[in-house]
Structures are given as structure tokens and as C-alpha cells.
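If you read the sequences in order, they're chains D and U. Under this note's numbering, the final residue of the first sequence carries the number 2300; numbering is consecutive throughout. Under this note's numbering, the final residue of the second sequence carries the number 255; numbering is consecutive throughout. A virtual CB, placed ideally from N, CA and C, is assigned to each residue, including glycine. Notes follow the structure.
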Amino acid sequence: MFKLALRSLIDKKLRFALTTFVVVLGVMFVVGSFTLTDSLRSTFSGLARDIAQGTDLTVRVDQSFGGDFDRATVPEAVGEQVLGVEGVDRVQPELGALNVFIVDGEGNAIRPPGPPALGFSFNPGTFFITDGRQPAAPGEFATDTSTAAGNGLRIGETYEVNGPITAEPFELVGVFNFGAPDSHTGLGQTMAAFELDEAQRFFGMEDGYQAIGVLVSPGSEVSDVQDRLEAELGDDYRVITQEVDAAEQEEDFNQVVDIFNTILLVFAFIAVFVAAFIINNTFQIILGQRVREIGLWRAIGATPRQVSRSVITESAIVGVVATIIGIGLGLVLALVLRAILELIGFPLPPGPLTLQPRTVGLALLVGLGVTMISSIAPALRARKISPVAALAHDFRLDPTSLRRRVIAGGTVFAAGVVALAAGMTAGLDTTPTFVLLGIGAVLAFVGINTVSPAFARPAASALGRPVKSLFGMPGRLGRDNAARNPRRTASTAGALLIGLALMGLAAVVGESVKKTFVNIIENAVEADYFIRSAETGFGPPPGFPARLADEIEALDEIESVMRVQFAFGGLSVNGEPRDIVAADMAQADDHFDGQVSSGDMAAGDPLTALALHSDSAASLGVGVGDTLEATFPDNQTETLTVVAVYEDAAIYGNWLIDGALWDSHFNRNDLAFASARIAGLASAADEAELAALQDGSRAAIEGVLDRYPTVKVENQAEFRQAQESQLTALIRVIQVLIGLSFVIALIGIINTLSLSVFERIHEIGLLRSVGMTRKQLRRSIYWEALIVAVFGGLLGVTVGTVFGVATTLALPESFVQTVAVPWLDLAVFVLISAIAGLLAAILPAIRAGRMNILDAIAHE
Amino acid sequence: MTSSPTQALATAARAVAASKIYGSGDTEVRALDAIDVAFEEGRFTAIMGPSGSGKSTLMHCMAGLDTVTSGQVIIGDTDLTTLSEKDLTLLRRDNVGFVFQAYNLVPTLTAIENITLPMDLAGETGDTAWIDEVVGATGLSDRTKHRPNELSGGQQQRVAVARALAGRPQIIFADEPTGNVDSNTAAEILGFMRNAVTEMGQTIVMVTHDPVAASYADRVVFLVDGKIVDELADPTPQTIRDHMTRLGA
Ligand SMILES: Nc1ncnc2c1ncn2[C@@H]1O[C@H](COP(=O)(O)OP(=O)(O)OP(=O)(O)O)[C@@H](O)[C@H]1O
Ligand SMILES: [Mg+2]
């Protein structure tokens, strides 16, 4: 039977190639994602080791939650204390800050598009000067070799540096490699290093350090010194070894890599899922075509078992070959992704790609597993083929009855919907939610695909009606062929359906979020200007110096400025870290109306006031006047009083505190953004005066911003538009990524069309013999493809819209409040799938046209 | 096509020194060997010969389904060897009818749609009165809306002949049109074709192995090894059998 299976594969090279190709794509995505993220991991672990090197031990404040840069500083006196401990040779205080931008010679801030712009105190343990010298005095700085070379920075020149508090000129005195003396470990970050005292001043951390590096004197055991330091400093401090330091850094990085990995895997999953559809489809069609051949085997004595085994063997061969090719191409894909990452600003240091046994195992599971599972149903059907089939000319496999299909499909679909609903509402952790949503989506799609043949014929007929009457015989035949085999039409369309449904879902949810956001801005915004980072890259936009807001506030043209700060895990209540926003609560209402439903944001002591979004208030069961114990990342605990509950989370998030409270617990005082109101607007007499006020205030703000090239000002309309286009861009990126599944669906259509053309080969010969021109023949195939593709497109968009609306309704109100359906986008998706269908038809149509008429006629 | 059998007949189609060679070298097969043959308008010609003698090849080459290796094939005034692939297709559609041994019909089209297929492909309505007449002659007027799988083999063949007739082509070629049916059904189909020639003035050339079938024709041409070896006018089954015995076929 193995020989038979092999023979059948060799005989049908094209079919084999196309089927294999589909599996290859699925495997490729899986291998590519894992290989890339494994490589990222090893890169990051190298980076973590580089960061940790140079010291034997590190002393930090013990922090139970919160961001690294929000950790309380180690007082300078502790440095003295450490030096006094036996076995400590030297100490190396460490200081770092985010958002330290160097402004190049042309007045443009050097902005890495994704990685951070970092500032440091110069650390000779990990910074290795290659040119010039290390900064030793106020007004001096050094930068890394890659930033210097990439932006033409020259030693001896003076450059403006935007720090976390202010912008000042510094002279570039040296250039260094980070991590190793002769090579720079860069992931695209920019680094500015200052002399220790100067860094403390410039970063606004005069009273301490972020950490103290300890070098153990020769002859002392590191672990002994560690013990002695722990005993000396007590529970408030952690003393960790270089290895632990590196491991902790690595863990931080890995969290980012994990997110990245998850995103890639979601797309790999979609690819594999679409591929499974196509493989199953192909095996079904192939089986349909081989009925006579199999009947003949049966007639000459092959058992049903042998027959089904040969079908399984055939798919196993496809699976193995595809897996091997897929692994190879997956490595190529990883390289391509790496190049793309580099292109958008995340250069990874060159290193070998890591192909772990786990990846190979998964590739096998996907490649072999998917093909084998997809061939089970065809194999079972193959068993039922009787020897008589060999004799009948037009023997067809009994299609599953439509009634049974509708019942079975409906049940599976319902199960899928239940799983989806559970996933969306049960409030589980990320992983179980994803698993539940994944299973739900798969079940829903399988259900739809099982049911869809029931309406494929009427739908194709209806879609084809105008084609039939307007486009003569080729249109007529195209329609007939599309409606001919509902199962095939449905599963070909099914491959398109998946991608389109997901794109449709993203479009509806995205549009709703956008609409919600636009509504909020329209209703809630009272401020005239928004000052925020000009950054358009990835990740959260960097903050900017608080001083800038002071300078704007000092302008005569400006009435008031509201400063907004943000921290992930900025405080902890009931042991759970919460993301917080800090703003001037006294004037919050004048800038952004948070729709306060009870209490007053401006009431109470700014140092203990807390405002909550109604969702958070409800889940904690607190209201205005209640108090909460809140711990900050600096380990201080405060009793906060709820002064207001608000409904609109767009600006203030779920937890809002006053800037004054922020200042007493955070070293970081960079602003996420600021808003400003024009002075004297209310008393403006006419339009002209109004315009003059607007122009004047804007010019004044821009005058201040001249020194801060990383920051920009927008009026209401500009702000709204920028937010909108940012959301649109995000939705597009997601859609394009999902759209990759189109490529696979395209191959699916090519595959089914070639096979269906092949199935009709005799008929095509006949049509050609009675005078159908090649052009007419090609046209009939285009029509067939078009009808199938539009069917899939409409089905997908419908499913996507329904799921999109359901998702939107299920999402929390703080995130989305209105349901909006982007009809134009949806129409474009159908158009895209129509185009995909036509593209897919080109090859089969040309092949059909080239077929020798007599050979075709002779074919049965 | 109004000539009566008594007048000197015009030629509907002819082959001049037509050869068809398959393969090359050792495996070379001379399916047609410099054949000269003419088919007169308004006559029914049968072609007979042993298996492999080149009958189908001759039909295919004359109908523009295949090309000759050398020599000429002429339908009416048109030399097929000078035509492009596209013009050959149009010639088949407008000037030639063809009936295969079986599976002549497009399964998704009804009987009447199959009959008018060449006209539909040309984007023409055709001569409705004539088509009605042809359909009437098939005896299938009440089954025109049926699809091929709802018709018997004999009925399918009659529909196929009707399609060939519907466009009033210059000539119809039929390659063993009764090869797949029982003798009663064969008689129906042959009677229909005979009628088309006698009553409607069609020109038909038919390949057959059956002397009884061939006896419906006005003339029988015998083919052996790609050459015409003999012919017989106004044949009867008996005279045909005699000839065949003589030819050792
Ligand atoms: N495509 C082809 N390639 C090679 N040889 C061919 C091809 N078609 C036909 N032949 C050869 O040409 C010769 C004539 O074949 P043809 O089909 O015309 O015979 P025939 O008289 O119709 O026979 P039958 O009565 O069996 O139908 C045969 O020897 C056949 O093997
Ligand atoms: Mg033959």
C-alpha cells in the first residue's frame, strides 16, 4: 500500500505540490515564530548579562511591585555603610533614567522608534570608552558608539540633551561600547552617560542612587560579603549576586518576548487552521477523483483497511515532506522577520538562529498532525467505496445529507459560541482566556463550514444569476460549476471565510473603539491644547520633562496647564498592583470632563485624594468618602480617601491621584502629556479676537517647544485626528497580519480550482470541440472563482460583523461604548476576496485553456 | 446545400495527401498515410476499417480537432492547415458538427441548452424554427428541460446529433455514434441521421464497425493502415460484409 500511495503522489505532482505547499506554510509560521523568539530570548539574556556584569553584588531597595524606574532610591549614606562592610573593595553607584534624548547638530532629537532613550551615570564596569574619555565634570556626557556613528555626533561638540526634568547643553567628551570592550550590545537604544553627581542633578535624584554595585576585595568570598551586607542593611534592602541580577533582568525582557511570541503564534495558529481546511478539502476532492481507481483495487482484492491505510500513508508522506521543507523555510522566515524588525528600528545583534528540539517537535505536530487529522475523514470514506464504483462512469461519493450537516454543524457552532462567550466574560487569566477563545473560534468556524454547504448551492446560484444573464455561456457555466458541488464550494470559500471573518471582527471592534474615542474627545475635552511626545513609534510614547509644562504655564497667553503622569502598577491595593494616572485634580474638570457621577475631584486633600472609575469602585465596593490602604512602589503606604467616582476612563484611566501625591512617592516626574487652556478666551469680543488669541497662544507654546524637539503641541482637531489615525493604523496592522492568511486561502482556491478543472477535463474537451474558444473557457473559470470567492467573502464578512458586534457589546464600557460598523471597509474586504479569487483562477484557467482537446475528450 | 443527389455534387470537405504521424524514429506511427478523400454535400458517408486503421484520426483532423502532419484538409473553401487555433475553434463552432462515441453532453446544461450550446457560445440565438424542427425530429420534444443524467444513452446520442444539426454546419463528423448502445437504440440514432441527410440535406460522415450501421449510408469508404483501400456505393449489410471479408478485416 505504501508503494501505491507513493505512486499516486508521483502521478499527481501538481496536486501533491499544492497540498504540500499549504502544509509548508503552516509549519513555516510556527517554526518562524518560535525560532525568532528563541533567538530574541538568547539575545536578551546576553544583554541581561552585559547589564549585570562589572560588579559582584548589587544593593537595591526591596520592591514588592512596580516599575524599575519607580523604585525608591538608595540614600547616599547607604553607600558609606556598604563601604564599611568587611570584604567590600569598592562601590559603584548606579543611576538610570528614561527619556533622555540627545538633540543632533540639526536640532532634531535622536529618537529610537521602539527601544528606549536612556540616561545613565557612567559605569566603567559595563561602559568601555573607545574614543575620548569618560565624563568627569558637570556639562559633559558620553554616548554609545552606535548612536554616535548613526547620527554623526562628534567629540568636542556641544549638544542639547532633553532630560526627564529639563533640557540642557552638554559637551560630548567620549564614545563607549556597552557590554564589551570591542563590541557594542545594541538593540537600537540610545544611551547618554554622565558623571555620577551630574547625573543625579540632571535626572532629579539628588538624594540617592537606584542601586549600588559592590566589588568584593580579592580574597573574600562573594557569598560571605553578601551575608554580611544583608545583615548590615536589614530587610529594606536586597543584596543580589551578578547571576541573580542577570536572571531578573532576563525575566523582565522575557515578558516582552512572550507577548511578541503570543502575537506571532496567534497568526501561526490562524495559518495552520486555514491550512487544515485546505488540506482536508484537497484530500476529499482527490478521493472523489480516485473513486474508480480505488474501486478497481477493491475489485482485485484490496481490503477496505488497505485502502484507507493507503490514503493515510499518502497524507503522512505529504506531512513529513512538508514539515521538513517548512522547518527550512521557517528559519528563512525568522531571518526575514529579523530584517523587518531591524527595518522598523529594532536591530538585533547578529547571532545564530536557535532551532530548539521543542520547535522541531511542534513543527512535526503541526505538519504531520494536521495532515493526518485532515485525512481521517477521507480515509474513512475511502473504506466505503465498493468494487462496483470502478465500473460506473459517474459514481459519486454519497455526500453527507444536508439535514445531518445542519444539525451537526449547528451543534458544533453553538458549542463554539458558548466557549467564546465564556472566554470573553468569565474574566479568567490571559492564557485560559486565549485557549477558550481559540477553541471557541475553531469550533465556530468548523460549525459554519459544516453548515455552509447547505446554502452554498442556493447562494452561488443567486450570486451567479446576474452573471448568467449578462455574461453569456461562459458566465452561465461558471455559475453552474460554482453551484455544482456545494461541499467543495463551501470549503474553498471556508478558507477565505476565516481570514475575512477575523478581519471583519477587527474592523468592527476597531471602528467601535475609534467611534467611542472620538465621541469622548468631542464631549469630554475642554482644554485647547495638548502637549505630548512627537513619538510615533511602537510601544507607549515616552514622557517629557515636567519643566516644559511649567514654562508653558508661565506664559501670559495661557490660563492653566494640567500635567498628566502615568505608571503601570503605580500603586497596590489589596495586594494587587493598579495602573494609575496622576493629574492636577483641582482643575481636572476644566481640562477633561471625566463625567463625575458622585463626589468632586477637586474636593479633599490632594495628598490623600483618590478618584475612581465606576468599574473599579463597583468591583471594590467603595464609594465617595470611603478610604483605601494603598502601597506605592517606594514601599510607603498611605490611607487614601475616595473623593469622586467618574464614568469616563479615556483620559483618567481607572485610578486617578493628584500630582502632589505622585511627587511624594515617585522619583520620576516626566509627563505622559499635558493640556493647556488659552487665557482670555471667554472675554473675546469677536471671531477676529478669538483667532488672534489662538494664534498668539500657539506661537507662544511653540516658542517653548523649540528647545524640546521630542514634544509637540496639537489643538483639539489635530489631537482628535492624530488619535484617530493612530487607532486606524493599529487596526490596519492587525488586519494586514490576519490578511496573510489570504495567501494560504489563495493557494486553497488555486488548489480546488485546478482539481475541479481536472475533474471536468472531459467536459472541457467537449466544450472546446463544439467551439468554445480558449478565452471563453478561461472566462468561465474566472467566473466560477469569482462566485466562490465572493460567496466566501460575504460569508466571512457577515460572520465577522456578527462576532464583531457581539465582542463590542461584551467589552467593558470603559473601553467601548458604541457599536459602529465600517461598511466601506467590509465592502472592500469582499472586493479583496473577489480579487483573490480571480488571481487564484489565473493558473488553472491558463492550464485548462492549454489542454489538448483530444486528450481531454479521451480522459474519463 | 440544396443540391439533389442526381446532380454532380459539390464537395463539403476533403483531404488532400493528408498524413498524420505520431511519435518519431522507432516509435513512429503513420496514422494517416497521404490520404486523399472527398465528402460530397448532402450525402451520408460511412468510414470502416480495422481497429487502429486511422478512422478516428481522420475524423479529428477533418473536424479541426487535430492538425495533420502534412497535406491539406479543406472544409468548404477553407484550408484548415492555414488557420490559427482561434479560427479553428470558430470553424468548429460555426461550420462543423461532431458526435463522439459517448459523453457528448455538458452535464450541467439541459438537453435544449446542450443543443443550442454552439450558438450560445457564438452569442447568437440561432434559427428557432429550424431548431424546433431538429428537436421535433429527435422525438425528445417533451424532454428538452431534462439534464443528461436524466436521459438514456440513446437519447443522449440523439441530443448530441441534434446539437450537431442545430447550427446547420457544412458537415457533421460522427465517430462511432452507436458504438455504446444496443441495436434498437442504434437504429433510432441512425434513422435520425439518415433523415437529417435525406430530409434536411445535411452532410454526415460517420465511423462505424457495424455493417448494419454502415448500410444506412450512401457510400462506404474502407480504411486500412491510414490509406483508403476501397469504397462502395449504396451499400447493404451483405455487400459490406463481403467487402470486409475480401479486405481481410
Ligand atoms: N495520440 C496518439 N499518439 C500516438 N499514437 C496514436 C495517437 N492516437 C492514435 N494513435 C495511433 O494512430 C493509429 C490510428 O489510431 P486511430 O485512433 O485513428 O484508429 P481507429 O481506426 O480509430 O481505431 P479504432 O477502431 O480502434 O477506434 C493507431 O495505431 C494508434 O495507436
Ligand atoms: Mg477510433
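- Restricting attention to V1806(D), P1792(D) and M1812(D), the CA atom closest to the CA of T1753(D) is found in M1812(D).
- Across the segment 1916 to 1930 of chain D, CB contacts with chain U closer than 8 Å involve R1916, L1917, D1920, N1921 and R1924, in sequence order along the chain.
- One residue after another in chain order, those with a Cβ under 7 Å from a heavy atom of ligand 2 are K61(U), S62(U), D181(U), E182(U) and V213(U).
- For Y1599(D), the beta-bridge partners assigned by DSSP are F1610(D).
- For L229(U), the shortest C-beta to heavy atom distance toward ligand 1 is below 8 Å.
- The beta carbons of L1769(D) and L1793(D) sit no closer together than 9 Å.
- Within the segment 61 to 75 of chain U, those residues whose Cβ lies closer than 7 Å to any Cβ of chain D are, in chain order, H66, L71 and D72.
- Taken through DSSP and simplified to helix, strand or coil, L1910(D) comes out as helix.
- Contact annotation: in the segment 109 to 140 of chain U, residues whose CB is within less than 8 Å of a CB in chain D are Y109, N110, L111, V112, P113, T114, L115, L123, P124, D126, L127, A128 and G129.
- Residue E1638(D) holds the alpha-carbon nearest to the alpha-carbon of Y1649(D) among G1659(D), S1657(D), V1656(D) and E1638(D).
- A1946(D) and I2174(D) have their C-alpha atoms some 8 Å from each other.
- Relative to ligand 1, the nearest heavy atom lies less than 8 Å away from the CB of S59(U).
- Shortest gap from the CB of A37(U) to any heavy atom of ligand 1: under 8 Å.
- Per DSSP, reduced to three states, the secondary structure at H66(U) is helical.
- As the crow flies, the alpha-carbon of I1703(D) is around 15 Å from that of G1466(D).
- Boundaries cannot be given for K151(U), as no beta strand (DSSP E) includes it and DSSP labels it neither H nor E.
- Secondary structure remark: continuous beta strand (DSSP E) runs of at least 3 residues inside the segment 2207 to 2234 of chain D: none found.
- At the C-beta level, V112(U) and P56(U) stay beyond 9 Å of one another.
- Interface annotation, F228(U): not in contact with chain D, CB-CB separation never under 9 Å.
- At a cut-off of 9 Å between beta-carbon atoms, Q1729(D) makes no contact with chain U.
- With a cut-off of 8 Å, the C-beta of P217(U) is classified as distant from ligand 1, since no heavy atom of the ligand falls inside that distance.
- Taking C-beta atoms as the reference points, K61(U) and V213(U) count as a pair closer than 9 Å.
- Note: M54(U) is bridge-paired with F228(U) in the DSSP secondary-structure output.
- Judged by DSSP in its simplified three-state form, H2053(D) adopts strand.
- Nearest CB-CB separation between D100(U) and chain D: below the 9 Å threshold.
- The C-beta separation of A1492(D) from Q1629(D) comes to about 16 Å, leaving the pair out of contact by the 8 Å criterion.
- Following the DSSP letters along the chain, one finds D2019(D) in no alpha helix (DSSP H) but inside the beta strand (DSSP E) bounded by residues E2016 to A2023.
- Residue state for R2290(D) is assigned as helix, using DSSP reduced to three classes.
- Contact between G1856(D) and A1894(D) fails: their C-beta atoms lie close to 17 Å from each other, not under 8 Å.
- By the rule that beta-carbons nearer than 9 Å mark a contact, L96(U) touches chain D.
- Not a single heavy atom of ligand 1 lies less than 8 Å from the C-beta of L2264(D).
- In this structure, the alpha-carbon of F1957(D) lies about 57 Å from that of M2291(D).
- Looking at the DSSP output, F1984(D) shares a beta bridge with L2111(D).
- For L2080(D) and L2068(D), the gap between their C-alpha atoms comes out near 5 Å.
- Looking at K26(U), A18(U), I27(U) and E47(U), the one whose alpha-carbon comes closest to that of T204(U) is E47(U).
- Within the segment 89 to 151 of chain U, complete alpha helix (DSSP H) segments of at least 4 residues are found at 91 to 101, 117 to 121, 123 to 128 and 134 to 144, given in chain order.
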